[in-house]
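Colleague: Below is the structure I would like to discuss, written out as structure tokens.
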Amino acid sequence: MHEEIDYDQFLNQYRSDPFEYIDVKTSHTGRLRFKAAEGDAVEGITGEWNHIKGTLLYHLERERNVKPVHSMDNGVVASVDRALEGQFVEAGETVMTIRHPLKKKEIIERILRNVLSMFVAPERAKYFFALDLQSRIDKHGQRSISIKPGDEILTMSLMKRDTPVMFQGEPGIIHSVYFSPGETIDQGQPLIGICAEEKLPLIQKIIARVKLEWE
Amino acid sequence: MIAKALLQARQLELSLRPSYPREIATAILRYGAMVGAECEHLPEASRCMDLARAEIQICDREDRSFPSGRVILADQLTGGKGRFLRHWHAPAGGVWMVLTLANTLLPEHAALYPLAAGVACCETVRHFGLNATVKWVNDVLLGGRKVAGILTETVSSSRGGEEFVLIGIGLNVNNTSFAPELRNTAASMCEFSGHPFDLTEIAAMLIAKLSWNIGLLHYTEAEHLAADRGLDDDRPHPLIASWRLLTDTIGRRVRFGFNVVESAQYTATVVDVDPCGHLVMRLENGDLVTESGGEIMYL
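Have a look at this one:
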């Protein structure tokens with residue numbers, strides 16, 4: 001992380017284009033049938049338990065099994081790769097892009113993600129802090145807790161099997177927590193954001209500046 | 216003693232699977248043959264899980280490979296614990312064990328280890344004439360009370376980084392006295408049958424059933440790899456099919472929570488388990504929700 005952060009660059013970037021462009025990629029191989037078109041407004045997952053599926057985007061058929069794929073985010077379908085309609089596609093292929101409008105909170109979050117080190121979920125599962133770490137957080141607060149590579153920080157719980165998760169990355173303090181116990185987190189989604197202790201004042205400045213300048 | 220009983224139990228196991236062609240049943244048992252290939256029997260331990268962890272680290276320090284499938288049995292535990300550090304009462308009279316497996320399965324198949332252990336445990340109790348059921352994911356019940364608890368954890372060796380799955384099983388067999396707070400929720404096999412059981416015979420049968428069900432995981436993975444297909448198709452995993460035959464969870468109204476004892480999240484009715492073993496429930500407003508972790512309490 002650099003000492004000098006060009007706030008104006010960050011803010012101008014989001015002022016001129018306050019959207020995030022989310023690529024929708026296929027999870028596995030199969031024959032593709034689009035169910036949403038360019039310009040369609042789409043909804044993401046909703047519901048108290050994130051149980052209500054988003055708008056249907058496409059069907060992927062593999063070995064006569066049709067898998068409906070729903071939008072994870074709200075926004076507008078910005079582009080669709082129409083050439084893939086009815087074609088057999090590989091896993092990980094970008095089939096459409098969703099333009100998601102960013103709120104102030106999301107913009108702060110995205111700027112922070114540029115300056116914090118993200119520790120992401122190794123698998124789709126439920127996570128909770130390691131018991132020892134949780135008791136330290138309860139006692140002192142998360143921003144007083146330093147972690148270093150090799151520390152057991154989380155427990156990943158999947159089908160009632162608990163797996164300890166070791167921290168890998170630059171040492172620092174736990175600045176942001178992006179999960180709550182009991183919630184299912186997708187693979188690759190951030191779990192915690194880490195910040196070197198001496199950089200904390202800088203982070204606070206970024207948040208204050210965005211809050212002040214963003215309407 | 217246990218080795219001889221295990222040999223007999225394994226032979227019996229083959230004859231108990233008539234729905235499988237002989238050559239497939241033999242292949243499945245061969246895949247699961249490492250389970251119980253090494254057994255240690257202790258008169259007392261604090262926690263078998265802790266012993267297994269320590270043994271993995273010792274092997275690691277000495278640059279030795281840990282024997283996958285190793286079982287540690289103890290006559291009684293002085294510091295038995297379940298998930299979320301819940302106390303597990305483990306006096307003499309029960310089967311208290313840990314099975315350590317090198318995790319060589321792909322993640323989608325390894326996710327079914329806890330189900331495999333639950334099925335093995337439930338099948339063991341049924342083998343001895345008691346009508347046990349399994350509650351998602353793997354609590355084994357007799358008359359609605361818990362007769363067996365399973366704790367599954369993953370550990371990595373500190374130097375080699377090899378991943379091991381520890382399956383801790385506590386089965387109440389001849390022990391009939393429970394702590395006052397557990398009297399209405401815990402059960403033992405002896406209490407339901409009216410007679411005590413031979414613990415060696417029960418332990419051997421449990422290991423043989425684990426051997427079958429874990430062998431089934433490996434065999435099915437090999438089949439899926441050969442056919443280039445995943446778990447998310449319409450054909451149910453044979454382990455899920457076994458689990459369905461033993462469960463009394465489907466159709467039940469339940470309270471769900473990550474740690475349901477401490478904080479329940481919602482109530483729902485169980486609709487099914489999906490091909491990956493995840494629990495599909497219908498909320499009171501009619502919406503469906505699928506959970507891959509957490510626990511349920513019957514209402």
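Those protein sequence lines, which keep their order, are chains A and B. With my numbering, letter number 190 in the first sequence gets 190, and the count goes up by one each step, no holes. Here my numbering runs 215 ahead of the position in the second sequence, where the first position is 1. Just so it is clear, CB atoms sit at the ideal spot from N, CA and C, and this is done for glycine as well. Quick caveat: nothing in here was measured; it's all calculated off a predicted structure.
#1: Kindly indicate which residue of A:Val69, A:Leu158, A:Lys199, A:His51 has the alpha-carbon position closest to the one of Thr29 of chain A.
#2: Is there at least one Cβ from chain A nearer than 7 angstroms to Glu368 of chain B's Cβ?
#3: List, in chain order, every chain A residue whose beta-carbon is nearer than 9 angstroms to that of Gly428 of chain B.
#4: Using a cut-off of 8 angstroms between C-beta atoms, extract the partners of Ser507 of chain B located in chain A.
#5: With C-beta atoms as the reference, is Gly385 of chain B less than 7 angstroms away from Trp311 of chain B?
#6: Quick check on Leu357 of chain B: does DSSP put it in helix, strand or coil?
#7: Less than 7 angstroms between CB atoms is the rule here; does Ile147 of chain A satisfy it with respect to chain B?
#8: Measure the alpha-carbon distance for Ser478 of chain B versus Glu506 of chain B and round it to whole angstroms.
#9: Counting only the same chain and skipping the five closest in sequence on each side, list residues whose C-beta sits under 8 angstroms from that of His2 of chain A.
#10: Could you name the residues of the same chain whose beta carbon sits closer than 8 angstroms to that of Thr339 of chain B, not counting the 5 residues immediately before and after it, in chain order?
#11: Does the Cβ of Asn428 of chain B have 16 or more other Cβ atoms within 10 Å, making it buried, or fewer, making it exposed?
#12: Helix, strand or coil for Pro190 of chain A? Go by DSSP, reduced to three states.
#13: Return yes when the Cβ of Ala260 of chain B is within less than 7 angstroms of the Cβ of Leu381 of chain B, no when it is not.
#14: Shorter than 7 angstroms from the beta carbon of Asp162 of chain A to some beta carbon of chain B?
#15: Buried or exposed for Thr464 of chain B, going by 16 or more other Cβ atoms inside 10 Å?
#16: Run through chain A and tell me which residues come within less than 9 angstroms of Leu498 of chain B, C-beta to C-beta.
#17: Mapping the DSSP letters down to three states, classify Asp23 of chain A as helix, strand or coil.
#18: What residues from the stretch 170-194 of chain A come within 8 angstroms of chain B, judged by C-beta to C-beta, listed N to C?
#19: Quick check on the burial criterion: 16 or more other C-beta atoms within 10 angstroms. Buried or exposed for Glu368 of chain B?
#20: Anything in chain B within Cβ reach of Leu131 of chain A, meaning under 8 angstroms, just list it in chain order.
#21: Output yes if chain A places a C-beta closer than 7 angstroms to the C-beta of Gly492 of chain B; else output no.
#22: List in chain order: all unbroken beta strand (DSSP E) runs of 3+ residues lying wholly within the stretch 276-311 of chain B.
#23: For Val504 of chain B, decide whether its Cβ has a neighbour in chain A, counting only Cβ atoms nearer than 7 angstroms.
#24: With respect to the beta strand (DSSP E) encompassing Ile153 of chain A, which residues constitute its N-terminal and C-terminal limits?
#25: Comparing C-alpha positions only, which one of B:Asn500, B:Ser280, B:Met264, B:Arg470 sits nearest to Arg374 of chain B?
#26: Would a C-beta distance cut-off of 7 angstroms place Ile185 of chain A and Phe179 of chain A closer than the cut-off?
#27: For Asn353 of chain B, which residues in chain A fall below 7 angstroms Cβ to Cβ?
#28: In the DSSP assignment, what are the bridge partners of Pro101 of chain A?
#29: Arg470 of chain B to Trp351 of chain B, Cα distance in whole Å?
#30: Under the three-state reduction of DSSP, which class applies to Tyr178 of chain A: helix, strand or coil?
Modeller: Reading off the structure:
#1: A:Val69
#2: yes
#3: Here the sequence assigns Asn to residue 428 of chain B, which means Gly is not the residue at that position. In chain order: nothing, as chain A lies at least about 14 angstroms away.
#4: Arg124, Ala125, Lys126, Leu158, Met159, Thr184
#5: yes
#6: strand
#7: no
#8: 16 angstroms
#9: Confidence at His2 of chain A is low in this model, with a pLDDT of 47, below 50, so its placement is unreliable and no value can be given for it.
#10: Leu386, Ile417, Met420, Leu421, Lys424
#11: buried
#12: strand
#13: no
#14: yes
#15: buried
#16: Gly47, Glu48, Trp49, His51
#17: strand
#18: Pro181, Gly182, Thr184
#19: buried
#20: Leu300
#21: yes
#22: 285-289
#23: yes
#24: 152-158
#25: B:Ser280
#26: yes
#27: Lys160
#28: A:Phe19
#29: 12 angstroms
#30: coil
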